[in-house]
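Each residue of the sequence shown is one higher than the one before, starting from 13 at the first, in the numbering used here. As structure tokens, the structure follows; a few thoughts come after it.
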Amino acid sequence: MPNRPKDPFSQTGDVANLSDVVRSLTAGLSVEMTPRDVRKEPGLCEQSLPAGTRVYLTFLPRSPFGDTVKAAMSLIDQGMRPVPHIAARGVADAAELDRMVGELADVGVRELLVVAGSIGTPKGTFTDTMQVLRSGVLERHGITRVGVAGHPEGSPDIDVDALETALREKNVFAAEAGCEMYLLTQFCFAARPIVAWERRIRAAGNWLPIYIGLPGLTSPRQLLKFGLACGVGPSLKVLRNQTGGVLSLATTSAYYPDQTLLGLASAVRTDQASLISGVHFFPFGATASTADWAKQIADGQFRIDDRQGRLAVTA
13 MPNRPKDPFS QTGDVANLSD VVRSLTAGLS VEMTPRDVRK EPGLCEQSLP
63 AGTRVYLTFL PRSPFGDTVK AAMSLIDQGM RPVPHIAARG VADAAELDRM
113 VGELADVGVR ELLVVAGSIG TPKGTFTDTM QVLRSGVLER HGITRVGVAG
163 HPEGSPDIDV DALETALREK NVFAAEAGCE MYLLTQFCFA ARPIVAWERR
213 IRAAGNWLPI YIGLPGLTSP RQLLKFGLAC GVGPSLKVLR NQTGGVLSLA
263 TTSAYYPDQT LLGLASAVRT DQASLISGVH FFPFGATAST ADWAKQIADG
313 QFRIDDRQGR LAVTA
């Protein structure tokens, strides 16, 4: 009989090796915060995160851009690496883009996340990520590393064909411009859709490394609200199953993304060509507890429960 292909999510076999992959994926963790979060809790990142951690600053349409610049300065003072979002649909024109990127570069920002932005009516002439990338503004201001959005479960704002076309264009641009580019995904609650998507886009020609968004240790109720808003509906069923149904969603104090992380590690372990390179946390206000949990995982202070497919922190 021919050998059956190995299940990428199997956790049997070399558990120590699987633990190494879990640690590797978590070692270079990054987190998402709003400029308001940084302002409300000065020093939080310095107290909670390893020096040099990438802290992504969410784009807020009604927030003054100056708040993002101030937050970036605060993060640099705390020893972090700020990565502000630039939302194409929130930029009026090339002149405004040049001013915004210039202000960030002047305070020491060297990396940006460029997204289209969930804005119904564009503010001006920019409507998608590629227009920002092709403007030449980022290179002119010394931006050396650029993240772009990845959508394992699709996007409520962009159809599938448009997402595929955009991803091809980003790969071509990165190759031709010599740009250090990567994909950063929306947050998800299940590993299987992520792994299937990574394999599909890799087969279609993607070579950009991928960092997977995971929810932080906030309440499942909060995650359900944000998940519906962000278009991760396909894996919300998994969230309900993991937490024991709708009633538990309303009463559980904190969600742990350990099952998703373990599933990703299992798949990466069995597929050496996988482009999944690390994880990014969306704490939704629970930055300190999320960072503490993630650091324990990165330090190897956990055990793997094979029967339940979960990670348990041991420290």
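Every residue, glycine too, gets a C-beta built ideally from N, C-alpha and C.
Residue i lies in the beta strand (DSSP E); which residues open and close that run?
i: F201; result: No beta strand (DSSP E) contains F201, which DSSP labels as neither H nor E.
i: E165; result: Where E165 is concerned, there is no enclosing beta strand (DSSP E), given that its DSSP letter is neither H nor E.
i: G225; result: 222-227
i: V291; result: 288-294
Using 10 angstroms around the beta-carbon of residue i, count the other beta-carbons present and answer buried if the total reaches 16, otherwise exposed.
i: W219; result: exposed
i: G148; result: exposed
i: Q90; result: buried
i: P227; result: buried
i: G55; result: exposed
i: P76; result: exposed
i: V144; result: buried
i: T141; result: buried
i: E44; result: buried
i: E165; result: buried
i: A52; result: Per the sequence presented here, residue 52 reads as Lys, with Ala not at that position. Counting Cβ neighbours within 10 Å, K52 comes out exposed, since fewer than 16 surround it.
i: G190; result: exposed
i: Q198; result: buried
i: D49; result: buried
i: R281; result: buried
i: P17; result: Annotation note: pLDDT 43 at P17 (below 50); position unreliable, no value reported.
Using a Cβ-Cβ cut-off of 6 Å (strictly less than) and excluding sequence neighbours within five positions of residue i, which residues of its own chain qualify?
i: V34; result: A277
i: T137; result: D105
i: I88; result: G120
i: A262; result: Because A262 carries a pLDDT of 49, less than 50, the predicted location of this residue cannot be relied on, and the following value inherits that uncertainty. Same-chain partners within the cutoff: R233.
i: G256; result: Interpretation of G256 is limited by its pLDDT of 48, a score under 50 that renders its predicted location unreliable; the figure taken from the coordinates is listed afterwards. Excluding sequence neighbours, G256 sits near nothing in its chain.
i: T80; result: P47, L69, P96
So, at 8 Å on beta carbons, what are the nonlocal neighbours of residue i in its own chain, with the 5 sequence-adjacent residues on each side left out?
i: L259; result: Since pLDDT at L259 reaches only 41, below the 50 mark, its modelled position is unreliable, and the value read off the structure follows with that caveat. Excluding sequence neighbours, L259 sits near nothing in its chain.
i: I131; result: P73, A99, R101, G102
i: T156; result: R122, E123, E192
Assuming residue i and residue j make a contact with CB atoms under 8 Å, what is their CB distance in whole Å?
i: L362; j: G154; result: As shown, the chain starts at 13 and ends at 327. That puts residue 362 outside it, with no answer to give.
i: L287; j: R214; result: 6 Å
i: A4; j: L116; result: This structure cannot settle anything about residue 4, because the visible part of the chain is limited to 13 through 327.
i: T65; j: S36; result: Not a contact, Cβ separation roughly 16 Å.
i: G290; j: Y223; result: 5 Å
Start and end of the alpha helix (DSSP H) containing residue i?
i: E181; result: 172-189
i: D105; result: Note, D105: premise wrong, no alpha helix (DSSP H); not H, not E.
i: R41; result: The identity of residue 41 in the sequence shown is Leu, whereas the question assumes Arg. Unbroken run through L41: none, as it is neither H nor E.
i: R281; result: 270-282
i: R152; result: 149-152
i: S60; result: 56-60
i: K307; result: 299-310
i: G78; result: 77-89
Below 7 Å CB to CB, which residues in the same chain sit around residue i once its five sequence neighbours on both sides are set aside?
i: T326; result: Q313, F314, R315
i: L179; result: I213, N218
i: V121; result: A84, P94, P96
i: K135; result: R101, G102, V103, A104
i: L150; result: V113, L124, V158
Using DSSP bridges, identify the partner residues of residue i.
i: D317; result: R322
i: L195; result: V160, I222
i: V127; result: A99
i: P94; result: V67
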